[in-house]
Amino acid sequence: MNKFLQSIWPMLTVQICACVVTALVPIQMRPFILLAGMVASTLICIVCRKAEKRGHAIAGMIASTAIILGTIWGMRQNSNLIDLLGPVPSALEVISLGILGTGVVVLGAIAIFLSTSRSFGFRFRWPVISVFILLTAVIAYLGATYRRDSTPSDLLNRLVQLETDRDHLQSFELQELRFYLGVLGRHADIRTVPTHRDEHRLPPPQEPLRVLSKNAKDWQTAITDVAASHRIVIIMEAHDSPAHREWIQQTLPFFREAGFDHYAAEALGERGAVLRERSYPTTGTGYYTREPRFGNLLREAIRLGFQLHEYEAVLKTGQEREAGQAEALAKIIGSQPDSKVLIHAGYAHIFKTPHKDGQRWMAARLWELTGIEPYCIYQSTEAVDSHNFHQLVSDLEVVTGPKILSPLPSGFTDRQLAGIPDGAIDALVVHPLCKQKPPHDRTPVFPERMNSIEGNWNHTWPVVIAAYAKNERDDGVPLDMVLLRQGESNYQLWTIESEPRLKVFSIEGEIPFP
């Protein structure tokens, strides 16, 4: 036992040191630095000790690695020390830690065999170990230089690339372009990008629109009624529509007042409890959450005291993903028998009845698992292929704020609702037409409790003007930001702070704010 303990503590010590160093580097680098640090420190410790007992050395290495990774996993479950490993989705934690541990153990075992004096490769131990350490250093360097579209400069670079290749983009790339335009504050520009490459060849629908105006309510009244009479409410968003997130944010106080205490979002890539404890989203919180309107939505949910939950099913495809999402949500609901849950999902995930081909989406599976019928709200979008949308907005006199249709109108053949199964949704949110003219006129639909910040820029282009909260880290999601194209000088930002930190980013990176 003494020899076993003696084989553990040196490797445990060096691995702890690697973890401490990892905690000092920027968050996006941490998964790479932790892997490199643990491997390099373990190998150096093994070679320097020149262990004679392979069994003791291997057992000690496995034990110390298991202790370290088990500690990291436990910390990620119960505290905001999730930053120790970086922004790894909770569904991938076990897989990520397993890969990390396997890498350390396999390379460590090789080092142990080479460092034993009776080993055939003993004389080559230092060259081989040096190669291993060099490889881990390369991993660390790649981790330090690899960027995940996390800064405004990264976002700008990707947008410029997409716009340069605009005539050759596939449908999924067109959707990506629309998303980046929204992230960078060019909400009105989204309408100029088709959602499908062949969109311009689509004829308008032949069936006329028939709307029953008596079914339309102002959204405040409708949401108050829905929140009072349902336990599970699912609201859809189009990922390229910042207005959808802006509206969901406005509904949060109504749901909270009605007793809703849990908010779950498909887009979250970190544990909701950790996000809540930090009190604001970062660029590592998720992909869609990098959009300022989404960031403000999460800040509002935290301010109101919602428990936050992530439920994405990673490494899944098709129906497996739908099942995984439903199971994660059912677990949340089952663990809180008296809770009321607001769920934020994209597109068809909110359909609570099967498609005609038998496909069942998340909401349908959640209904089956819990026995509780969810109330599902779909949001309209002012897309270029929405032939009937302008007529619908006009008929309902949607001007100053959204209205909600429930039940749905008959004969509404607009393409954005095509493919929705009968009975799959309970209500349709009809948003006002976008009247913004970015970058100098970006008044949101709900300007209450927000501050307008106007300025002038006459230097290099293109640039992104971003506003950051004073009490948040630099990797916090901006409160707002807007892209200035060539020659555009006047800009407008809308923030929840009266005097935020303003930063300017070009394609090359952050530049001084004059």
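Going by our numbering, the first residue of the sequence shown is number 1, and it counts up by one from there. Every residue, glycine too, gets a C-beta built ideally from N, C-alpha and C.
Could you give the C-beta distance for E266 and A345, rounded to a whole number, given that I count them as a contact under 8 Å? Here residue 266 refers to the residue found at position 266 of the sequence shown. Here residue 345 refers to the residue found at position 345 of the sequence shown. The beta-carbon separation of E266 and A345, rounded to 5 Å, stays under the 8 Å limit for a contact.
*At which residues does the alpha helix (DSSP H) containing Y180 begin and terminate?*
Taking the first residue of the sequence shown as position 1, residue 180 is located at position 180. Unbroken alpha helix (DSSP H) run through Y180: S171 to V183.
**Prompt:** How about I377 and M236: do their beta carbons lie closer than 8 Å?
**Reply:** Taking the sequence shown and counting its residues from 1, one reaches residue 377 at position 377. Taking the sequence shown and counting its residues from 1, one reaches residue 236 at position 236. Yes, the pair counts as a contact, with Cβ atoms nearer than the cut-off.
Euclidean distance between Cα positions of E510 and L502: Numbered from 1 along the sequence shown, position 510 holds the residue referred to as residue 510. Numbered from 1 along the sequence shown, position 502 holds the residue referred to as residue 502. C-alpha separation (whole angstroms): 11 Å.
- Task: Kindly confirm or deny that the stretch 178-185 and the stretch 275-294 touch, where touching means at least three C-beta pairs closer than 8 Å.
- Result: A contact exists between the stretch 178-185 and the stretch 275-294.
Separation of V106 from A66, as counted between CA atoms | For this step, residue 66 is matched to residue 66 along the sequence shown. For this step, residue 106 is matched to residue 106 along the sequence shown. Whole-angstrom Cα-Cα distance: 13 Å.
Next on the checklist: Please determine whether the Cβ atom of V94 lies at a distance below 7 Å from any heavy atom of the ligand SAM.
Outcome noted: In the structure shown, the ligand SAM is absent, as is every other ligand, since no ligand is present at all.
**Asked** For the 8 Å Cβ check, are there 3 or more pairs between the stretch 296-314 and the stretch 483-492?
**Response** no
- Nearest-angstrom Cα distance between S368 and R360? Mapped onto the sequence shown, residue 368 falls at position 368. Mapped onto the sequence shown, residue 360 falls at position 360. Contrary to the premise, residue 368 reads as Glu rather than Ser in this sequence. Spanning the two alpha carbons is a distance of roughly 10 Å.
When DSSP labels each residue in this structure, what does A51 get in the three-state scheme?
-> By one-based count along the sequence shown, residue 51 stands at place 51. Since pLDDT at A51 reaches only 49, below the 50 mark, its modelled position is unreliable, and the value read off the structure follows with that caveat. It is coil, neither helix nor strand.
Threshold first: 3 residues or longer. Then list the beta strand (DSSP E) segments lying entirely within the stretch 358-390, N to C.
375-379
Fill in: Straight-line gap, I507 to L308 (C-alpha atoms, nearest Å)
Along the sequence shown, read from residue 1 onward, the residue named residue 507 stands at position 507. Along the sequence shown, read from residue 1 onward, the residue named residue 308 stands at position 308. Taking the straight line joining both Cα atoms gives about 34 Å.
**Report entry** 3 or more residues per run - each beta strand (DSSP E) lying fully within the stretch 442-496
**Finding:** 451-456, 463-468, 480-484 and 490-495
**Message:** My parser needs the beta strand (DSSP E) runs of 3 or more residues fully inside the stretch 246-327; what are they?
**Reply:** 262-265 and 307-310
From V160, Q336 and P194, residue whose alpha carbon lies closest to that of L184: Counting from one through the sequence shown, the residue named residue 184 turns up at place 184. Looking at the Cα atoms, V160 is the closest of the given residues.
| said: Tell me the rounded alpha-carbon separation between L493 and L304. | reply: To locate residue 493, count along the sequence shown from 1; it is residue 493. To locate residue 304, count along the sequence shown from 1; it is residue 304. Their Cα atoms are separated by approximately 24 Å.
(message) Within a Cβ cutoff of 6 Å, which residues of the same chain sit near Q325, ignoring the five residues on either side of it in sequence?
(response) Here residue 325 is taken as the residue at index 325 of the sequence shown, counted from 1. Taken in chain order, the residues that qualify are Y311, A313 and M362.
Do V429 and I404 have their beta-carbon atoms positioned less than 8 Å apart in this structure? Position 404 of the sequence shown holds residue 404. Position 429 of the sequence shown holds residue 429. For I404 and V429, yes; Cβs fall inside 8 Å.
Item to complete: Would you please state the rounded distance, in angstroms, between the beta carbons of A258 and A227? I believe it to be under 8 Å.
Response: Working through the sequence shown from its first residue, we reach residue 258 at position 258. Working through the sequence shown from its first residue, we reach residue 227 at position 227. A258 to A227, Cβ: 4 Å. Contact.
Is the distance from the Cβ of S489 to the Cβ of N456 below 8 Å?
By 1-based counting over the sequence shown, the position of residue 489 is 489. By 1-based counting over the sequence shown, the position of residue 456 is 456. Yes, these two residues count as a Cβ contact at 8 Å.
- Task: Find the nearest neighbour of E472 within the set E277, K435 and G318, judged by alpha-carbon distance.
- Result: Numbered from its first residue, the sequence shown carries residue 472 at position 472. Nearest C-alpha to E472: E277.
Exercise for review: With DSSP as the reference, label R344 as helix, strand or coil.
Suggested key: By 1-based counting over the sequence shown, the position of residue 344 is 344. The sequence shown places His at residue 344, rather than the Arg named in the question. DSSP places H344 in strand when its eight states are reduced to three.
query: Can you tell me where the alpha helix (DSSP H) with E163 in it begins and where it stops?
result: Counting from 1 along the sequence shown, the entry for residue 163 is found at position 163. Counting along the chain, the alpha helix (DSSP H) containing E163 begins and ends at P152 to T164.
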